[in-house]
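For the sequence shown, this note's numbering assigns the number 6 to the initial residue and increments by one for each residue that follows.
Every residue gets a Cβ at the ideal spot worked out from N, C-alpha and C, and that includes glycine.
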Amino acid sequence: MARIFCVANQKGGVGKTTTCVNLAAALHLAGQRTLLIDLDPQGNATMGSGIDKRTIAKSVYHVLVGLATLDEARVASPSGGYDVLPANRDLAGAEVELVDLERRENRLRDAFRQFDADYDFVLVDCPPSLSMLTLNGLCAADGVVIPMQCEYYALEGLSDLVNTIKKVHANLNRELKIIGLLRVMFDARMTLQQQVSAQLESHFGDKVFDAIVPRNVRLAEAPSHGMPGVVFDRGAKGAQAYMAFAKEMIERVKTL
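The following block contains the structure:
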């Protein structure tokens, strides 16, 4: 049985896609069969995995609206080794089309069900909004991983996201839970970031992952080469942090 995790945060620019791509590659390197589902119409996780979103014949859009199966649409990341259900601009139209379809919140879960045994981990890169796409991700998932920066505004947005997850848990997906919070783009030299980090640990306790991803130039450079950072430069501090995070995820899943 695959474990399905949404990487979600309603705030944009907090490292969701970077986390998805690098965690997928790190899990693959750790011997886990991994699928990355790109639910963002921007298709950044697709491009960051070394797949040209402009040339793909079938995408997650076709899967959601019933025009293709997951098997027909998934492709292997040439640089990361994991499988990808890619996205491109077609996905923006799915928002409107899904409204009139049956089981609109469960289209992704239904499409994946017959391929459950193919993977150990499935990561869903959600767009930075509570849209029908994000809702499909949350309804399909066993849990949510929340990447966040240790800044004041991030704390404000976190309470909204936690409330959203509670509502989905209560009304649509009783399996959904917060798996953990991942501190990303962390700069230990900034006192505010240290204070926010300490607040997170005191409030959320063991829900905060031990791994901390520092602000890292090599991670930022990797997408322009169509590669995950853990493949582009395994010696970089950011890559090592994601490798440690992958090991922590594998251990945490055993206790769920």
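Checklist entry - DSSP state of Cys131, grouped into three classes? => result coil
Next on the checklist: Let's test the definition: count the other Cβ atoms within 10 Å of the Cβ of Asn221 and tell me whether it reaches 16, buried, or not, exposed.
Outcome noted: buried
Item to check | C-beta atoms of Ala13 and Val149 nearer than 8 angstroms | outcome: yes
Checklist entry - Are there 16 or more other CB atoms within 10 angstroms of the CB of Tyr158, so buried, or fewer, so exposed? => result exposed
Checklist entry - What do you get for Lys259, buried or exposed, if any count of 16 or more other CB atoms within 10 angstroms of its CB means buried? => result exposed
Checklist entry - In its own chain, which residues sit with a C-beta less than 8 angstroms from the C-beta of Phe191, not counting the 5 before and 5 after it? => result Gln154, Cys155, Gln198, Ser202, Ile217, Val218, Pro219, Arg220
Checklist entry - Quick one: what does DSSP say Cys144 is sitting in, helix, strand or coil? => result helix
Checklist entry - Which stretch, first to last residue, makes up the beta strand (DSSP E) that contains Leu40? => result 39–43
Checklist entry - Nearest chain D C-beta to Val101 closer than 8 angstroms, yes or no? => result In the structure shown, chain D does not exist; there is a single protein chain.
Checklist entry - What residue does the alpha helix (DSSP H) around Met232 start on, and which one ends it? => result First-last for Met232: undefined, no H or E at that position.
Checklist entry - With 16 other CB atoms within 10 Å as the buried threshold, where does Arg108 fall? => result exposed
Checklist entry - Does the pairing of the segment 57–74 with the segment 32–41 give three or more beta-carbon distances under 8 angstroms? => result no
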